[in-house]
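>
Numbering (my numbering), first residue to last: 25 to 434.
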């Protein structure tokens, strides 16, 4: 494969991906006007449903603009020598290949984030503010940006350095060593993410003693689920939207409830949400996702090893001096169709797992509190009650609300 063939392949992939996403967004937007399904008629009155539609339409129009800008930016970078410019700039600071690679990705990733910051700023302080969701201050917004860059430099830069070092050490078999390190890193993050990463952005405090904690502990004991770590996170410092999640294994497992969730739901509903999260653990969904992610990483790294020594991959994105970092960019775009397919498959399993976790909550606790909690959370977040099936197939990791309620009531 010569560089011209790879270049046009990359170009076609970028255009087709943008075209497909734009079409899916359009099809989904056409469903905004659909009437509310009968089972959900109690969620919105006419005025609230109009607000929900306005929110979705506003996000759709803004999404088209921001996605279009990102597409033009990427295409311009490819067509007008942006990657070569970044490579030349990185090489002007050092001759060390490892440092060149780190500078190259730093220029591209941080530069891209800076350029697109006005879009995320507008999303947060105009759209989310207008519809009553935003609680983020400008100080928190920019501090989150800086912390995110620091995390990217520390973790992303550290991982990239190891991968390049393995490549320089053992050549194309680097993927085996890189796979091992990434697998270990993934497991450590799964175990300790809430202890190591979350505190950089949010405060977590143990759930205070009271009737809610007693009900949660009584349910956990009933289903044989040892649960000593129940935390409340200050999600309200950024948004009014509510959430809960489960993390870790063994003694490290913990349930984290957003303070907004505690404010929005009654105690029976919160326990029902918790029962759903326990269902994920009991049905081994977390283990499945972790193992699958590690296996997919291995496949990706193996395929990367087949491309990384081909100088034509670097030339395809306009970088004249072939390198690991340039080939990594080219491979990333060429691999993206496979990544899209695996993403669709993982979303399919994720939706299936959501039904299984709902069934677990229904069978070990109760269906009605989970139904009412899902309705409240959907109303409070102005979620889309009538998404297009193609959009669900491609993007949804959770089934649409109506599908979950029908399953719970079956």
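Virtual Cβ for every residue (Gly too), placed ideally from N, Cα, C. Computed from a predicted model, the values in this text were never measured in an experiment.
Near residue 411, which residues of its chain fall below 8 Å by C-beta distance, leaving aside the five closest residues on each side in sequence?
Here residue 411 is taken as the residue at index 387 of the chain shown, counted from 1. Taken in chain order, the residues that qualify are 52, 55, 420, 424.
> Does DSSP put residue 256 in a helix, in a strand, or in coil?
Along the chain shown, read from residue 1 onward, the residue named residue 256 stands at position 232. Reduced to three states, the DSSP call for residue 256 is strand.
> On the DSSP bridge assignment, give the partners of residue 158 in chain order.
Along the chain shown, one-based indexing puts residue 158 at 134. 263, per the DSSP bridge assignment.
> Relative to the C-alpha of residue 244, which residue among 298, 273, 200 is closest?
Numbered from its first residue, the chain shown carries residue 244 at position 220. Ranking 298, 273, 200 by Cα distance to residue 244 puts 298 first.
> Within 10 angstroms of its Cβ, does residue 120 collect 16 or more other Cβ (buried), or is it exposed?
Within the chain shown, residue 120 is the residue found at index 96, counting from 1. Burial call: exposed.
> Using a Cβ-Cβ cut-off of 6 Å (strictly less than) and excluding sequence neighbours within five positions of residue 302, which residues of its own chain qualify?
Numbered from 1 along the chain shown, position 278 holds the residue referred to as residue 302. Counting only Cβ-Cβ distances below 6 Å, and skipping sequence neighbours, we find 249.
> Just to confirm my understanding: we take residue 140, look at its own chain, exclude 5 residues before and 5 after, and list those with CB closer than 7 Å. What are they?
Counted from its first residue, the chain shown places residue 140 at position 116. Excluding residues within five positions, the ones whose Cβ falls inside 7 Å are 94.
> Would you report the Cα separation of residue 346 and residue 136, rounded to the nearest angstrom?
For this step, residue 346 is matched to residue 322 along the chain shown. For this step, residue 136 is matched to residue 112 along the chain shown. The straight-line gap from Cα to Cα measures roughly 23 Å.
> Quick one: give me the first and last residue of the beta strand (DSSP E) that residue 246 is part of.
Position 222 of the chain shown, counting from 1, holds the residue named residue 246. Here residue 246 belongs to no beta strand (DSSP E); instead the alpha helix (DSSP H) covers 235-246.
> Using the three-state DSSP reduction, which class does residue 268 fall into: helix, strand or coil?
Here residue 268 corresponds to residue number 244 of the chain shown, with the count starting at 1. Here residue 268 sits in strand by DSSP.
> Any C-beta of chain B sitting closer than 9 Å to the C-beta of residue 249?
The question asks about chain B, but that chain is absent: this structure has only one protein chain.
> At the level of alpha carbons, what is the spacing between residue 142 and residue 358?
The count along the chain shown starts at 1 and reaches residue 142 at position 118. The count along the chain shown starts at 1 and reaches residue 358 at position 334. Approximately 29 Å, taken between the alpha carbons.
> Go through its chain and collect everything with a Cβ distance to residue 62's Cβ below 8 Å, but skip five positions before and after it.
Sequence index remark: in the chain shown, residue 62 carries index 38 (1-based). Same-chain partners within the cutoff: there are none.
> For the alpha helix (DSSP H) that residue 41 lies in, which residues bound it at each end?
In the chain shown, the residue the question calls residue 41 occupies position 17. Start and end: 27-54.
> Is it buried or exposed for residue 430, if we count other Cβ within 10 angstroms and need 16 for buried?
Stepping through the chain shown from its first residue, residue 430 is reached at position 406. Looking at its Cβ environment, which holds fewer than 16 other Cβ atoms inside 10 Å, residue 430 is exposed.
> Could you pull out every unbroken alpha helix (DSSP H) segment of at least 4 residues lying fully inside the segment 344-405, listed in chain order?
The segment 344-405 contains these whole alpha helix (DSSP H) runs: 348-388, 391-405.
> Is it buried or exposed for residue 369, if we count other Cβ within 10 angstroms and need 16 for buried?
Start at 1 with the first residue of the chain shown, and residue 369 comes out as number 345. Classification of residue 369: exposed, given that the 10 Å Cβ count is below 16.
> Using 8 Å as the Cβ pair cut-off and three pairs as the minimum, do the segment 348-356 and the segment 392-406 touch?
no
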